[in-house]
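The structure appears below as structure tokens.
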Amino acid sequence: MSEPILKIEHVSKTYTGHKALDDVSLEIPQGSIYGLLGPNGAGKTTLIRVINHMTFPDCGKVFFEGHEISDKDIFQIGYMPEERGLYKKMKVGEQAVFFARLRGMSHYDATRRLKQWFERLELDEWWDKKVEDLSKGMAQKVQFITTVVHEPKLLIFDEPFSGFDPINANTLKQEILGLRDRGATVIFSTHNMESVEEICDDITLINKSHNVLSGPVQEIRHRAGAGSYLVTYGCDRQLFLDSIKDKVTLIGEAEGVLGGFSQQKIHIPETCNLKDVISVLNDNCDLRAFQEIVPSMNDIFIRAVNGTL
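Start counting the sequence shown at 1364; every next residue gets the next number (the working numbering).
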């Protein structure tokens, strides 16, 4: 297994009267899209600022590609904050070049790459127009471009789809996936759990300044739903209940479905054999379907924040 591109080790940060991060540790694999999740005020933004050397931890360390992160490494990071900010009176292209130059690019290389990106995201006709004439969505596209144009190894996007219509959100999503496929590592900070399921490989959930959940998305979903199933059956309800009593726990009430069949969510404990439950239902009921329940990331987020996961 390759060395993680970013390692956070026991990082804590306290502001006056508030502990923003409390002994947070995590590892971000190279070439992945890593979701950084958590409710407002959980500590996500503080962690991002620590990574970017905008603030420094009270204790703990950040490692980039195996060594303690330094100011030079910041040139290998692209950061698009949630709080957008462009200079309204500047021309769009002029401002984009200015930001690229701050990242160490020559004027020639910056202009060449930026114009390629502007054409790709259908902004080329706005190059010589003022920023104040851009719509909110177009301004966000410009900020996305200035974040990625210097081809950093690590990209950090804070709520990148906020304010986008579905078409432009999908365009940006495909670009982020493409950046990962070309070797970049992406940290994706968001409240949008649907996006997490669609594009994130791994996640960390921070709540009340602590790392409360980390791991691959699909592994977390299956682990959270372990032993939960949806049964579709056609026999008498009491016969169904008698067949599985002392074997499973019911989850919620029975649900009616088309064609006279019923559905029931159940939980099978580790001590009970799955095949035995299916066999009993086959023998005693008109068993039509037996499906594992995999909870959504939204369900997991709520349960983790509420302490019921």
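Where a beta carbon is used, it is the ideal one built from N, C-alpha and C, also for glycine. Values in this document were obtained by computation on a predicted structure and should not be read as measured data.
Burial state of residue i (16 or more Cβ within 10 Å)
i            : result
residue 1409 : buried
residue 1567 : buried
residue 1379 : exposed
residue 1419 : exposed
residue 1383 : buried
residue 1513 : buried
residue 1403 : exposed
residue 1417 : exposed
residue 1608 : exposed
residue 1565 : buried
residue 1436 : buried
residue 1606 : buried
residue 1674 : A query on residue 1674 cannot be resolved here, the shown segment of the chain reaching from 1364 to 1672 and no further.
residue 1471 : exposed
residue 1486 : buried
residue 1574 : buried
residue 1503 : buried
residue 1543 : buried
residue 1570 : buried
Beta carbon of residue i nearer than 7 Å to that of residue j
i            : j            : result
residue 1511 : residue 1441 : yes
residue 1372 : residue 1388 : yes
residue 1584 : residue 1657 : yes
residue 1522 : residue 1618 : no
residue 1649 : residue 1578 : no
residue 1393 : residue 1368 : yes
residue 1375 : residue 1423 : yes
residue 1722 : residue 1576 : Nothing about residue 1722 can be read from this structure; the chain reaches only from 1364 to 1672.
residue 1509 : residue 1459 : yes
residue 1563 : residue 1401 : no
residue 1451 : residue 1494 : yes
residue 1629 : residue 1613 : yes
residue 1593 : residue 1537 : no
residue 1385 : residue 1572 : yes
residue 1519 : residue 1411 : yes
residue 1529 : residue 1439 : no
residue 1366 : residue 1429 : yes
C-beta neighbour in chain D for residue i, strict 7 Å
i            : result
residue 1586 : Going by chain labels, chain D is absent from the structure shown, which holds only one protein chain.
For residue i, the nearest candidate out of the options (CA to CA)
i            : options                : result
residue 1651 : 1642, 1457, 1502       : 1642
residue 1558 : 1569, 1525, 1576, 1616 : 1525
residue 1595 : 1632, 1625, 1580       : 1625
residue 1467 : 1538, 1434, 1483       : 1434
residue 1640 : 1603, 1543, 1662, 1576 : 1603
residue 1580 : 1664, 1464, 1560, 1421 : 1560
residue 1532 : 1645, 1661, 1501, 1421 : 1501
residue 1481 : 1664, 1661, 1498, 1455 : 1455
residue 1610 : 1644, 1569, 1519       : 1644
residue 1414 : 1546, 1517, 1540       : 1517
residue 1489 : 1457, 1661, 1464       : 1457
residue 1591 : 1582, 1498, 1637, 1462 : 1637
residue 1426 : 1370, 1540, 1623       : 1370
residue 1601 : 1582, 1589, 1491, 1627 : 1627
residue 1588 : 1662, 1507, 1570, 1496 : 1662
residue 1491 : 1453, 1464, 1463, 1527 : 1453
residue 1499 : 1660, 1448, 1616, 1670 : 1448
For residue i, three-class secondary structure by DSSP
i            : result
residue 1366 : coil
residue 1404 : coil
residue 1499 : helix
residue 1471 : helix
residue 1658 : coil
residue 1372 : strand
residue 1413 : helix
residue 1618 : strand
residue 1462 : helix
residue 1479 : helix
residue 1677 : Here the chain comprises residues numbered 1364 to 1672, so residue 1677 is not present and cannot be evaluated.
residue 1441 : strand
residue 1511 : helix
residue 1534 : helix
residue 1581 : helix
residue 1651 : strand
residue 1672 : coil
residue 1504 : helix
residue 1385 : strand
Decide yes or no for the touch test of the stretch 1547–1564 against the stretch 1469–1480: beta carbon pairs closer than 8 Å, at least 3 of them. no
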